[in-house]
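Below is one structure; the comments refer to it alone.
Protein chains in written order, with my numbering: chain A, 2 to 113; chain B, 188 to 301.
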């Protein structure tokens, strides 16, 4: 069974710090990987989609990388702000399944 | 710019009651799905559909029914609600292609079964 793991489950950092969130997956045969943000009581907002042929994607202060061979992705957030506080979810579309498999998320708190 | 719309946002049911969670998308996506999100367990797939008239089971389908009569709508029915179905339910949609398939989610329905 393919699995997606996110460590740590929670992270607290001071404002302005650069940070990295980690996502690992058990099978390198993937179509794509997607990072989402979820605010408390809200839905999931797509941040970045990385296709299997890509190594990274950037959007503003966010940069996501993908290393299929090691089964890892990282989400880099530059110059963190209190407004970045949320839960960040990683989801993988494995080649053997048509459905996204989600990690349990990392709850990020950026302290003013 | 509606995207994926879910109704209702909140619902309280008594054990044994039935109800339908509504999901509609206006992006002409072929693929639609329902997830439930529980603390410590992440998002788990309930049912999905690859097009009108086609549905299939996900990881946790028991107690739920779906149908897909149109491309736009994908309702989720709870036949006889149980406390174990207390959860937050999310509907998602995407194009059917396997490469550039960004998934879009609704705002969720928070269901409590008492």
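Virtual Cβ for every residue (Gly too), placed ideally from N, Cα, C.
These numbers come from a predicted model, not from an experiment.
- In this structure the segment 226 to 239 of chain B lies against the segment 252 to 264 of chain B, because at least three pairs of beta carbons, one per stretch, are closer than 8 Å.
- Put simply, the segment 194 to 204 of chain B does not touch the segment 46 to 63 of chain A. Fewer than three CB pairs are less than 8 Å apart.
- C-alpha of residue 3(A) to C-alpha of residue 102(A): approximately 8 Å in a straight line.
- Annotated as proximal: residue 251(B) and residue 264(B), with beta-carbon spacing under 8 Å.
- Interface residue (Cβ-Cβ distance to chain B less than 8 Å): residue 47(A) is classified as such.
- Nearest C-alpha to residue 212(B) among 300(B), 282(B), 298(B): 282(B).
- C-alpha of residue 26(A) to C-alpha of residue 300(B): approximately 34 Å in a straight line.
- For the set 84(A), 97(A), 28(A), 13(A), the Cα lying nearest the Cα of residue 71(A) is the one of 28(A).
- At a cut-off of 8 Å, the C-beta of residue 217(B) has no neighbouring C-beta in chain A.
- Residue-level contact check: residue 242(B) does not touch chain A, since none of the beta carbons of chain A fall below 8 Å from its beta carbon.
- A check of alpha carbon separations from residue 89(A) across 13(A), 21(A), 6(A), 39(A) identifies 39(A) as the nearest.
- Close partners of residue 100(A) in chain B (Cβ separation under 7 Å): 220, 232, 235, 245.
- When secondary structure is reduced to three states using DSSP, residue 256(B) falls in the coil class, being assigned neither helix nor strand.
- About 18 Å separates the beta carbons of residue 92(A) and residue 21(A), which is beyond the 8 Å limit, so they are not a contact pair.
- Any Cβ of chain A closer than 8 Å to the Cβ of residue 197(B) would place that residue at the interface, and such an atom is absent.
- In this structure, DSSP gives residue 225(B) an extended state, which the three-state scheme calls strand.
- Exclusion of the five residues before and after residue 13(A) leaves 110, 112 as the residues of its chain whose Cβ lies within less than 7 Å of its Cβ.
- 43, 44, 45, 47, 50, 52: these are the residues of the segment 43 to 76 of chain A whose beta carbon lies less than 7 Å from some beta carbon of chain B, given in chain order.
- Per DSSP, the continuous beta strand (DSSP E) segment holding residue 297(B) begins and ends at 296 to 300.
- Burial state of residue 244(B) is exposed, judged by a 10 Å Cβ sphere holding fewer than 16 other Cβ atoms.
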